[in-house]
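Worksheet: one structure, shown below.
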Amino acid sequence: MSIGYACLTVGVPDTGFKTCRKANATEEKLKELIYFNLESLEKVIEYNIKNNIKLFRISSDIIPFGSSPVNTLAWWELFKPQFDSVGQKIISSGMRVSMHPGQYTVLNSPDNEVVSRAVEDLVYHTNFLDSLGVGPEHKIVLHIGGVYQEKERAMQRFVKSYQTLSDAIKKRLVIENDDRSYTVSEVLAISKITGAPVIYDNLHNAINTSDVSKDDAYWIEQTHKTWKTEDGSQKIHYSQQSPMSRIGAHTRTIALEPFMNFYHQVAREDLDIMLEVKDKNLSAVKCINATTSQPHIKLLEKEWSLYKYSILERSPKIYDAIRQLLKDKTAFPVVDFYRLLDQALEMEVATGTAINAATHVYGYFKETATEKEKKAFFKQLEKVEKNGGSLKTLKNILWKLAVNDNQPYLLQSYYFVL
């Protein structure tokens, strides 16, 4: 089983992606952006390998205007060395990647122009994955589309459009239940005709269900039947409802206890779980640690080194509680560890605790900072203390000190991003 996350990283330097406005999309600008984005993707893949993350969704925006006539570059040829390098790292590490076209890629629209653009977008996504040299188990995830007042006819249009797709697209395309239009049973009906594997999404099913008497385990078993050997392990999407947001909104982080209840109900060796959550890789590492077959306190100590100053600036009490929790080197209190972390991260940052944490971080530089740097830090610290200064500015000063001093312990810390 692999657990992964989608598209972006949190707290991993040099992994951002860039795009531009249509008016600025010259050939040279597009070449610059594509090169930059592929370099960033390679760093993301390297981070995933280092952290034992075997499942990752690549952003559809990685090639700006990838399926648009605006981009006429043969980018798969121009950047072949980069594709080969990234693809080899994915393959050799046993990672599985995917892509997920957005809401405008609709195969069942009554408008033929919309369908034509959707097919072009699927060609782009297929070309991207093919350029990495990865096999058919690396999938493209697609929703069925709209209802257009006549669901039965809309489903028939999807099937008709699907049947016109190239074999290259079909071997990668998987279809997913959504939270508004198509239930998992309806997607299964389409799968029966097309042969496309079905991605089960637990939150979408909770919102838009066809049978409230059936649980996640039932639907995962039903959708499992649609996956063939050449498709690789069955893949599902898992997320949790954000309590204070619109229906369908994802949580900031994955709460571990409900995830573990879900995991124990459905876990199989041939089931991959894609997390859809705002803190991305942070939740992926959390869930991987919680389900590891090789539990060791060092996994939690590594996590603590990344989170500790973010916790200190919110709750010195929880900071001390976690330090005590990690003292027993024979234990692996993974659920308690993340429960305390999440409890602290939900707290507001108070001025006093923020100053305390910033002063601790500054301790790394008190011997190496120049007089000018010291003066800037303490001047801003005083402003924050008097509630007239920006904590973000204070952290920016500390970040620059960490960069200048090449302090990897701090450069990798979530203190600067959470």
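In UniProt numbering, the protein residues as written are 1 to 418. Glycine included, every Cβ here is placed at the ideal spot set by N, Cα and C.
Using a Cβ distance threshold of 8 Å, Asn127 and Trp76 count as a contacting pair. For a cut-off of 8 Å, the C-beta gap from Lys54 to Arg96 is around 6 Å, short enough to register as a contact. Counting along the chain, the unbroken alpha helix (DSSP H) around Tyr218 starts and ends at Asp216 to His224. Thr351 is classed as exposed because its beta carbon has fewer than 16 other beta carbons within 10 Å across all chains shown. As for any alpha helix (DSSP H) of minimum length 4 sitting wholly inside the stretch 11-76, the runs are 27-50, ordered along the chain. Here Arg246 carries a coil assignment [DSSP, helix/strand/coil].
Taking a C-beta distance under 8 Å as the contact criterion, His360 and Leu312 qualify as a contact pair. Met274 is bridged by DSSP to Gly4 and His237.
Within the stretch 183-217, the complete beta strand (DSSP E) segments of 3 residues or longer fall at 198-201, listed in chain order. Our two residues, Glu301 and Leu326, have alpha carbons roughly 7 Å apart in a direct line.
If the five residues before and after Glu27 are omitted, its C-beta is found closer than 8 Å to the C-beta atoms of Thr72 and Leu73, all from its own chain and listed in chain order. In the structure shown, His138 adopts coil according to DSSP, grouped into three states. Taking a cut-off of 8 Å on C-beta distances, the stretch 63-71 does not touch the stretch 106-114, as fewer than three cross pairs fall below it. A direct Cα-Cα distance of roughly 17 Å separates Pro243 from Asn208.
Across the structure, Gly16 and Leu381 are spaced so that their CA atoms are roughly 30 Å apart. For Pro295 against Phe332, the beta-carbon gap comes to about 4 Å, under 8 Å, which counts as contact. Taking 8 Å as the cut-off, the Cβ atoms of Met1 and Glu221 do not count as close.
Listed in chain order, the non-local C-beta contacts of Val349 below 8 Å within the same chain comprise Glu313, Arg314 and Leu391, local neighbours out to five positions each way being set aside.
Residue pairing by DSSP places Glu176 opposite His143 and Ile199 in a beta bridge. If you compare the alpha carbons of Asn404, Leu129 and Ala402 with that of Gln82, the shortest gap goes to Leu129.
Separation of Met347 and Asn387 (C-alpha to C-alpha, rounded to the nearest whole angstrom) is 18 Å. Bounds of any beta strand (DSSP E) do not take in Val159; it lies within the alpha helix (DSSP H) bounded by Lys151 to Gln163.
Burial check for Val174: the Cβ neighbour count within 10 Å reaches 16 or more, so the residue is buried. Scanning the stretch 306-368 from its first residue to its last, the whole alpha helix (DSSP H) runs of 4-plus residues come out as 316-325, 334-345 and 351-362. Taking the Cα of Lys374 as reference, the smallest distance to any Cα among Ile91, Lys383 and Tyr362 is reached at Tyr362. Pro408 is classed as exposed because its beta carbon has fewer than 16 other beta carbons within 10 Å across all chains shown.
Between Gly87 and Leu132, the C-beta gap is smaller than 8 Å, which places the two residues in contact. The beta carbon of Ser185 sits closer than 6 Å to those of Ser210, all from its chain and outside the five residues before and after it, given in chain order.
A straight line joining the alpha-carbon of Cys287 with that of Ser191 spans about 30 Å.
In this structure Val266 is in contact with Asp216, their Cβ atoms being roughly 6 Å apart against a cut-off of 8 Å.
Its chain contains Ser98, Arg172 and Val174 as the residues whose beta carbon lies nearer than 6 Å to that of Lys139, once the 5 sequence neighbours on both sides are disregarded; these appear in chain order. The DSSP-derived three-state label of Ser166 is coil. Comparing C-alpha distances from Leu275 to each of Leu306, Ser239 and Ile247 shows the shortest one belongs to Ser239.
Beta-bridge partners assigned by DSSP to Met95: none are found.
For the pair of segments examined, the stretch 8-23 was found not to touch the stretch 248-264: the number of CB pairs separated by less than 8 Å stays below three. When DSSP states are grouped into helix, strand and coil, Arg117 belongs to the helix group.
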